[in-house]
Structure formats: C-alpha cells, structure tokens
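Letter by letter, the sequence shown follows residues 244 to 607 of the UniProt record's numbering.
Heads up: the structure comes next, in structure tokens.
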Amino acid sequence: SKGNHRHFMEKEIHEQPEVISHTLANYLDFSKGMIRAGAAPVDFSKVDRIAASACGTAYYAGLVGKYWFEHIARLPVDIDVASEFRYREMPLSKNSLALFVSQSGETADTLASLRYCKQQGLSIGTIVNVKESTMARESNTVFPTLAGPEVGVASTKAFTCQLSVLASLAVAAGKMRGTITDEEERRLVRELSEIPRYATQALKLEAQIEGISRELSQVKHVLYLGRGTSYPLALEGALKLKEISYIHAEGYAAGELKHGPIALIDESMPVIVIAPHDRWFEKTISNMQEAAARGGKIILITDEKGAAASTLKTWHTIVLPEMPEVITPIVYTLPIQMLAYHTAVFMGTDVDQPRNLAKSVTVE
Ligand code: F6R
C-alpha cells in the first residue's frame with residue numbers, strides 16, 4: 244500500500260535511506276570496515292574487462308558503475324544499451340565478465356544480451372531486484388538489490404540500490420586487483436555506509452524542491468548537465484522528468500554543450516546543472532556560465548562548498564551537505580527524483596502509471 248503517500252513513487256523515493264542501507268549491508272561489513280567475505284563471488288583479479296548492458300534507468304546505473312570500476316579498480320568497462328548490445332556481436336574475450344543490471348530481471352533486450360554472452364561462454368553476473376526472475380535464474384552470479392517491490396513505473400529506489408551494489412562491487416574489485424590499499428578499502432566502506440544518512444538529509448530539501456517544481460511545470464523544455472559521475476545523473480534526470488511529466492528534457496555531458504545544445508538556450512530554457520564540489524566542479528561551472536550568458540535559467544544542484552565557490556546568480560540553487568566524492572551520484576539522485584515527481588504532480592499526470600509505459604518491458 245501507499246501508506247500516507249499520494250503515489251507509490253513518492254513512497255519509494257522516501258524509502259531510499261532504508262533500502263539502500265539494507266542493500267549495502269549485504270555487501271559491506273560496517274563494523275569491520277571491509278567488503279563482506281563472499282559478497283562478490285567473482286575473482287576480479289582474473290577479469291580484464293567488464294561487458295555491461297541494461298536498459299533505461301538501469302543502463303544509467305551501469306554508466307555510473309563504469310566510472311567507479313575504472314577509477315577504483317582500474318578495470319575497463321564497455322557498456323551499451325541492451326537493444327544495441329544484443330545485435331552488435333561485439334567481440335568478447337573469455338576473461339570478460341558480462342554484467343547486467345535490471346530491476347525486473349525480465350526486460351527482453353537485457354535478457355537477450357545475457358543469453359548472447361552466455362552462448363559466447365562468458366561468466367554472467369546480474370544486479371537484479373526480483374530474485375525469482377528469469378535473469379536471476381540464468382546468471383552464474385546474482386548480485387541482489389534489496390529495494391523491495393518497486394510499484395511506480397518510474398524507477399527510483401531500484402536505481403539507487405543498483406548504484407549501491409555497483410559501488411560496493413567496484414571496491415571489492417579494487418581490493419582483489421590490488422588497486423586500493425586496506426586503508427582505502429576501510430575509508431570507502433565508511434563513506435558508503437554514510438549514504439543513508441546523507442539521503443535522509445537530501446529528503447529534507449523536498450519543500451524547496453516542490454517550490455521549484457511549480458515553476459518547472461510551466462516550461463516546455465529542460466536541459467540537464469553534468470560531468471564525470473554526474474553525467475549519467477543528467478541523463479537520468481532528463482529521463483525521469485520526461486517520462487512522468489511529459490516535459491521535453493535532455494541530458495548532456497556538460498562539455499558537449501558547446502558542440503550543439505547551446506544553440507537551444509534562451510530565456511525560456513531552464514538548465515539544471517548537477518555539480519558537487521568534486522574534481523570536475525570548475526569545468527562544469529564554466530559550462531554553466533556559458534549557459535547563463537545566453538539567458539538560460541540555471542538551477543544549480545551542488546553542496547555548501549560549491550554554492551560558496553560559484554558567484555553566478557542562479558534561478559535556484561539546491562544545496563546539499565558536503566560529502567565524499569564516491570557517494571555523490573547516489574545522494575544527488577534524490578533531489579533529481581523529487582524535482583521530476585513534484586513537477587509531474589503539478590502537471591496532473593498519472594505519476595505511477597505514465598502513458599505508454601509498462602513497468603516491465605518483456606517485448607523488444
Ligand atoms: C525508467 C525506467 C525504465 C527501466 C527500464 C529497465 O524510470 O524505469 O527505463 O529502468 O525499462 O527495466 P529493468 O530494470 O526492469 O530491466
């Protein structure tokens with residue numbers, strides 16, 4: 244049931260601190276500050292590449308995972324949407340791990356990609372929410388997300404739990420591959436353990452975000468920008484807004500702005516800039532200034548340090564607490580979800596059952 248929430252989506256957004264905490268506890272031993280023994284039953288020291296694929300929001304989770312695996316474990320990740328992957332006949336080496344991400348475990352294109360990799364003799368790992376699903380059954384290794392049933396068609400808690408698993412696996416891989424020290428492992432585990440606390444703080448921004456959403460519900464187009472791990476979040480933000488509010492939205496890597504989309508910017512274009520004060524911050528902020536100089540109405544999502552460092556007068560600034568870099572993609576997802584949710588509520592759409600969409604896409 245929805246409890247005292249108006250929609251399942253709202254309920255599922257608010258469940259995130261708890262379900263992320265459950266999911267992390269499956270992979271991390273908080274008291275020891277270590278990856279749980281046996282949590283990642285894959286010998287990552289023998290894997291030389293990850294071939295990943297998924298659809299929609301699950302694909303964006305995988306895209307964040309690519310940044311983590313490559314940075315933390317120095318393990319290259321090829322990732323593609325499953326509808327392309329399955330027909331691409333990509334040459335796969337035997338030492339590749341095939342990795343799939345799916346809430347339902349039934350998505351037709353993702354399942355077909357899994358079967359293709361299996362046929363090629365690869366070991367199959369799947370991050371999946373529905374334990375009894377076809378993908379779970381057909382995988383060598385199942386990495387569960389413990390999000391609980393997700394009813395809203397727009398994925399919310401499944402996405403942040405997928406990210407929690409991916410971050411944990413990247414740390415496990417880094418440990419096995421010797422790219423992080425024991426001390427770094429302890430630090431990363433401690434940082435990941437703080438996600439639920441930061442997620443709870445992020446939820447407290449809801450009243451402000453609802454106010455911004457009222458204004459956003461008046462516009463026709465929205466652009467989302469981000470760099471590094473915030474780039475997949477820009478894609479996810481745009482997907483979430485368009486699928487439930489029907490407002491046209493696009494997500495771009497901030498550095499791509501001047502290669503085309505900047506032509507769209509005028510006084511009627513809100514530009515949502517996702518920019519924690521991390522190693523990409525300065526670059527993203529300079530793209531934000533380019534957008535503002537063309538009249539774009541900037542909504543900056545940043546932290547206290549980022550808000551202080553940016554002198555630009557924005558339309559709105561959403562300020563999160565400062566937090567470790569590795570967890571920003573998970574925590575910054577919450578304001579992005581709330582923005583889409585409240586905008587859709589103001590538009591009066593059917594938030595949990597958006598038109599033309601199904602929860603589980605079992606046909607290609
Ligand atoms: C968007 C959304 C979809 C799904 C996609 C994959 O909010 O929910 O993009 O992420 O259809 O579904 P699963 O994860 O079940 O494979």
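By construction, the Cβ of each residue, glycine as well, lies at the ideal position given by its N, Cα and C atoms.
- Contact between the region 449-463 and the region 288-304 is absent: fewer than three C-beta pairs spanning the two stretches fall below 8 Å.
- With a 10 Å radius around the Cβ and a threshold of 16 neighbouring Cβ atoms, S288 comes out exposed.
- For D352, the enclosing alpha helix (DSSP H) stretches over residues 351-362.
- Put simply, of V594, Q405, S345, P387 the residue whose alpha carbon is nearest the alpha carbon of G308 is Q405.
- G348 counts as buried, since at least 16 other C-beta atoms from the protein chains shown sit within 10 angstroms of its C-beta.
- Judged by beta-carbon spacing, V290 lies within the 8 Å limit of L340, meaning their Cβ atoms are closer than that value.
- A direct Cα-to-Cα measurement between P439 and E261 gives close to 7 Å.
- Beta-bridge partners of H585 (DSSP): none assigned.
- Just so you know, the alpha carbons of L478 and I573 end up roughly 14 Å apart.
- Per DSSP, T388 has no beta-bridge partner at all.
- Scanning A587, F328, A301 for the CA closest to the CA of K485 turns up A587.
- Of all C-beta pairs linking the region 322-329 to the region 414-429, fewer than three are shorter than 8 Å, placing the two stretches out of contact.
- The C-beta distance from H585 to T545 rounds to 20 Å, too long to fall under 8 Å, and the pair is not in contact.
- Buried is the label assigned to H250, since at least 16 other Cβ atoms lie within 10 Å of its Cβ.
- A distance criterion of 7 Å places the beta-carbon of V594 beyond contact range of the ligand F6R, judged by its closest non-hydrogen atom.
- Taken through DSSP and simplified to helix, strand or coil, Y474 comes out as helix.
- Between T399 and V371, the CB-CB gap reaches or exceeds 8 Å.
- If you draw a straight line from the Cα of A282 to the Cα of E510, it is about 50 Å long.
- If you draw a straight line from the Cα of P475 to the Cα of N247, it is about 32 Å long.
- The ligand F6R approaches E486 closely enough that one of its heavy atoms is under 7 Å from the residue's Cβ.
- In the same chain as P567, and ignoring 5 residues on each side of it, the C-beta atoms closer than 6 Å to its own belong to E434, in chain order.
- By the Cβ criterion, the region 528-548 is not in contact with the region 407-415, since fewer than three pairs of Cβ atoms, one from each stretch, lie closer than 8 Å.
- Taken from the Cβ of T377, every heavy atom of the ligand F6R lies 7 Å or farther away.
- Counting along the chain, H265 sits inside the alpha helix (DSSP H) bounded by residues 259-270.
- Within the same chain, S398, F402, E479, L482 come within 7 Å of T300 by CB-CB distance, once the 5 residues on both sides are set aside.
- Looking at the DSSP output, G368 bridges to L342, T384.
- Within the DSSP bridge table, the entry for S296 names D323, F343 as partners.
- For L466, the pairing in a beta bridge is given by DSSP as E493, V514.
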